[in-house]
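As given, the protein sequences belong to chains A and B, one line each in that order.
The first sequence begins at 1 in our numbering and counts up by one.
The second sequence begins at 178 in our numbering and counts up by one.
Have a look at the structure below, then the notes.
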Amino acid sequence: MATINKLQTPLTASVVHSLKAGDEVLVSGLIYTARDMAHKRLCQLIDTGGNLPFELEGAIIYYVGPTPARPGRVIGAAGPTTSLRMDPFSPALIANGLKAMLGKGYRGEKVREALKKYGAVHLSAIGGAGALLSKHIVAAQIIAYEDLGAEAIRKLQVVDFPAIVAYDSYGNSVYKK
Amino acid sequence: MRYIEFKKIAETVESLCIAAAYELPGDVLAALEEAAQKESNPAAAKILNQLIENARIAAEKEIPLCQDTGLAVVFVEQGADSAVKTPDGMGRLTLFDAINAGVESGYEKGYLRKTVVAEPLNERRNTGTNTPAIIHQRTVPGQKLKLTVMTKGGGCENKSQFRMFRPTAEKDRIINWVVDVVSQAGADACPPFVVGVGIGGDFELSCLLSKKALCRNLGARNGDDFYARLETDLLSRINALGLGPQGLGGDTTALGVMVETAPCHIASLPVAVNIECHSHRHKSAII
Numbered sequence: 001m002a003t004i005n006k007l008q009t010p011l012t013a014s015v016v017h018s019l020k021a022g023d024e025v026l027v028s029g030l031i032y033t034a035r036d037m038a039h040k041r042l043c044q045l046i047d048t049g050g051n052l053p054f055e056l057e058g059a060i061i062y063y064v065g066p067t068p069a070r071p072g073r074v075i076g077a078a079g080p081t082t083s084l085r086m087d088p089f090s091p092a093l094i095a096n097g098l099k100a101m102l103g104k105g106y107r108g109e110k111v112r113e114a115l116k117k118y119g120a121v122h123l124s125a126i127g128g129a130g131a132l133l134s135k136h137i138v139a140a141q142i143i144a145y146e147d148l149g150a151e152a153i154r155k156l157q158v159v160d161f162p163a164i165v166a167y168d169s170y171g172n173s174v175y176k177k
Numbered sequence: 178m179r180y181i182e183f184k185k186i187a188e189t190v191e192s193l194c195i196a197a198a199y200e201l202p203g204d205v206l207a208a209l210e211e212a213a214q215k216e217s218n219p220a221a222a223k224i225l226n227q228l229i230e231n232a233r234i235a236a237e238k239e240i241p242l243c244q245d246t247g248l249a250v251v252f253v254e255q256g257a258d259s260a261v262k263t264p265d266g267m268g269r270l271t272l273f274d275a276i277n278a279g280v281e282s283g284y285e286k287g288y289l290r291k292t293v294v295a296e297p298l299n300e301r302r303n304t305g306t307n308t309p310a311i312i313h314q315r316t317v318p319g320q321k322l323k324l325t326v327m328t329k330g331g332g333c334e335n336k337s338q339f340r341m342f343r344p345t346a347e348k349d350r351i352i353n354w355v356v357d358v359v360s361q362a363g364a365d366a367c368p369p370f371v372v373g374v375g376i377g378g379d380f381e382l383s384c385l386l387s388k389k390a391l392c393r394n395l396g397a398r399n400g401d402d403f404y405a406r407l408e409t410d411l412l413s414r415i416n417a418l419g420l421g422p423q424g425l426g427g428d429t430t431a432l433g434v435m436v437e438t439a440p441c442h443i444a445s446l447p448v449a450v451n452i453e454c455h456s457h458r459h460k461s462a463i464i
């Protein structure tokens with residue numbers, strides 16, 4: 001039977017290892033957003049030994065490009081984008097301390113291997129529920145790559161953000177595929 | 178000849194873009210509600226109810242249904258006896274300019290995400306306006322202008338496929354391939370899907386038909402009995418996959434399948450499948 005786990009960021013190794021594919025989680029704390037182009041830049045920084053715009057150790061990266069916030073609001077719609085597109089970049093980030101990714105859909109073999117090798121998980125949120133999920137984001141701030149617009153890296157404060165463990169650190173997946 | 182004001186067209190497109198982003202069409206909401214009731218997998222029913230809740234929050238709090246507010250795909254049926262009246266001093270502007278003006282203001286005023294890059298391979302710089310729209314225009318008899326705005330997300334569009342079959346291919350081969358395309362789309366493309374299938378025409382027309390099929394009301398079947406049955410057969414085969422909402426298992430993999438056809442070459446049997454996510458956003462207006 002799947003259990004519901006309350007997760008607080010940054011994630012520790014023991015928390016990550018306690019998670020099993022199929023578990024429901026509620027994430028609270030600071031998480032960071034990044035999509036395709038931001039991933040490309042982060043990996044270029046890793047390759048060249050540059051300083052990353054946020055601390056990767058224990059971090060969760062959320063694959064999202066929100067709609068603009070209306071005046072007086074924190075953020076617009078903010079649901080997950082397809083995780084698979086980040087596959088070429090994720091192993092390097094995991095090797096450098098990233099503990100969880102939050103997106104939707106499948107991950108490839110190299111990412112799944114990295115999850116096992118370094119102890120990390122992939123979380124899946126409900127795709128296409130951008131309005132519902134935005135209610136769990138209480139603060140948002142762009143911290144890097146503002147030129148990327150919706151794809152800029154944002155620091156989000158989340159409260160009980162719902163997701164499931166799609167791939168755990170033991171090589172198990174919630175998907176049949 | 179009836180002249181339709183440039184501004185009227187732009188304003189109509191603007192409001193269609195905004196309405197599409199915030200209001201899930203009634204037929205889609207009804208299909209989600211019916212699926213949630215029938216779903217035998219409790220986890221799948223829970224997700225379907227969350228999608229219904231998402232639609233409620235979106236309409237009530239004016240938060241877009243999905244952060245991917247998409248490319249604006251605009252289908253136009255223009256009466257042969259109608260023309261665009263351009264504003265004085267603005268030179269020779271076309272219907273397409275009016276539509277793009279409406280998309281630009283709609284995405285700005287509606288707080289929608291600008292999701293278009295100017296070119297695909299070099300710098301991929303965002304145009305900042307969500308234009309140009311993808312516009313498909315057709316001339317019909319009369320003086321009216323029908324505009325349908327479909328805001329299409331990238332996640333599902335990325336899973337759409339095309340294939341040329343031999344003209345002698347049996348129906349089952351086509352069905353198997355369409356089902357396989359849906360299976361490959363899987364969790365990535367946000368099931369439950371709406372599946373548009375274009376059969377016939379040529380390379381590009383079959384693709385266009387597969388998207389145009391998505392404009393049809395979910396309950397409406399193809400007017401030809403053979404293709405209406407094909408739609409029903411495809412839907413049951415797709416739901417038998419067991420992929421379910423979000424790809425986590427369940428009876429509801431697709432909310433509907435719509436097939437559109439066109440005459441084709443004796444040597445060809447082109448088939449295109451357009452995958453649409455459950456956030457199936459499209460709005461129409463007639464001027």
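Don't be surprised by glycine CBs; every beta carbon is placed ideally from N, CA and C.
All values derive from a computational prediction rather than experimental measurement.
Check, Outcome
"Gly373 (chain B) versus Ala150 (chain A): straight-line alpha-carbon distance, rounded", "29 Å"
"Below-8 Å beta-carbon distance, Val121 (chain A) vs any chain B residue", "no"
"Where Ile126 (chain A) meets chain B, residues with beta-carbon distance less than 7 Å", "Ile224, Gln227, Gln423"
"Sheet register partners of Phe342 (chain B) (DSSP bridge)", "B:Leu446"
"Neighbouring residues, chain B, relative to Ser134 (chain A) (Cβ below 7 Å)", "Ile240"
"For Arg398 (chain B), the three-state DSSP class (helix, strand or coil)", "coil"
"Three CB pairs or more closer than 8 Å across the stretch 187 to 198 of chain B and the stretch 272 to 289 of chain B", "yes"
"When A:Ala13, A:Glu24, A:Val16, A:Gln8 are compared against Pro162 (chain A), the one with the closest alpha-carbon", "A:Glu24"
"Nonlocal neighbours in the same chain, by C-beta distance under 6 Å from Tyr62 (chain A), ignoring five residues either side", "Ile31, Thr33, Leu102"
"Any chain B beta carbon closer than 8 Å to Met1 (chain A)", "Here Met1 (chain A) scores only 49 on pLDDT, less than 50, and its place in the model should not be relied on; the value that follows carries that caveat. Answer no: the Cβ-Cβ gap between Met1 (chain A) and chain B never drops below 8 Å."
"8 Å Cβ cutoff, Val74 (chain A) in contact with chain B", "no"
"Boundaries of the alpha helix (DSSP H) in which His179 (chain A) is found, first to last residue", "Residue 179 (chain A) lies beyond the stretch modelled for chain A, which goes from 1 to 177, so this question has no answer here."
"Gln44 (chain A) CB to nearest heavy atom of the ligand HEM below 7 Å", "The ligand HEM is absent from the structure shown, which contains no ligands of any kind."
"Closest by C-alpha distance to Val355 (chain B), when choosing among B:Ser282, B:Ala431, B:His455, B:Gln244", "B:Ala431"
"Any chain A beta carbon closer than 8 Å to Leu193 (chain B)", "no"
"Neighbour list for Thr246 (chain B) in chain A, Cβ cutoff strictly below 7 Å", "Thr67"
"Whole-number beta carbon distance between Gly377 (chain B) and Pro440 (chain B), since they are thought to touch under 8 Å", "6 Å"
"Beta carbon proximity, Asp274 (chain B) to chain A, threshold 8 Å", "no"
"Assumed close pair Ser134 (chain A), Lys104 (chain A) - CB separation to whole angstroms, cut-off 8 Å", "No, Ser134 (chain A) and Lys104 (chain A) are not in contact; Cβ-Cβ is about 15 Å, not under 8 Å."
"Any C-beta of chain E under 8 Å from that of Thr82 (chain A)", "No chain E is part of this structure, whose protein chains are labelled A and B."
"Inter-residue spacing [alpha-carbon to alpha-carbon] between Leu411 (chain B) and Gly427 (chain B)", "17 Å"
"Beta-carbon proximity of Ala449 (chain B) to Ser383 (chain B), cut-off 8 Å", "yes"
"Thr48 (chain A): first and last residue of the uninterrupted alpha helix (DSSP H) it sits in", "36 to 48"
"Contact set between Tyr106 (chain A) and chain B, taken where Cβ atoms lie within less than 9 Å", "Gly363, Ala364, Asp365, Gly424"
"Contact set between Ile234 (chain B) and chain A, taken where Cβ atoms lie within less than 8 Å", "Ala131, Leu132, Lys135"
"6 Å Cβ shell around Lys99 (chain A) - same chain, five flanking residues per side excluded", "Leu11, Val16, Gly58, Ala120"
"Neighbour flag for Val16 (chain A) against chain B, beta carbons, 8 Å", "no"
"Alpha carbon of Gly20 (chain A) to alpha carbon of Glu230 (chain B), nearest angstrom", "According to the sequence provided, residue 20 (chain A) is Lys. The question's Gly does not apply to it. So the alpha carbons of these two residues sit roughly 27 Å apart."
"Secondary structure of Val74 (chain A), DSSP reduced to three states", "coil"
"C-alpha distance - Ala222 (chain B) paired with Lys215 (chain B), whole-angstrom precision", "8 Å"
"Short CB-CB distance (under 8 Å) between Leu432 (chain B) and chain A", "no"
"DSSP-derived helix/strand/coil call for Ile224 (chain B)", "helix"
"Chain-ordered neighbours of Ala59 (chain A) on chain B, where CB pairs are closer than 8 Å", "Ordered by position in chain B, no residue passes the 8 Å Cβ test against Ala59 (chain A), which lies about 21 Å from the chain."
"Inter-stretch contact (C-beta, 8 Å, three-pair minimum) for the stretch 315 to 330 of chain B and the stretch 252 to 262 of chain B", "yes"
"Inside the stretch 346 to 427 of chain B only - beta strand (DSSP E) runs reaching at least 3 residues", "370 to 378"
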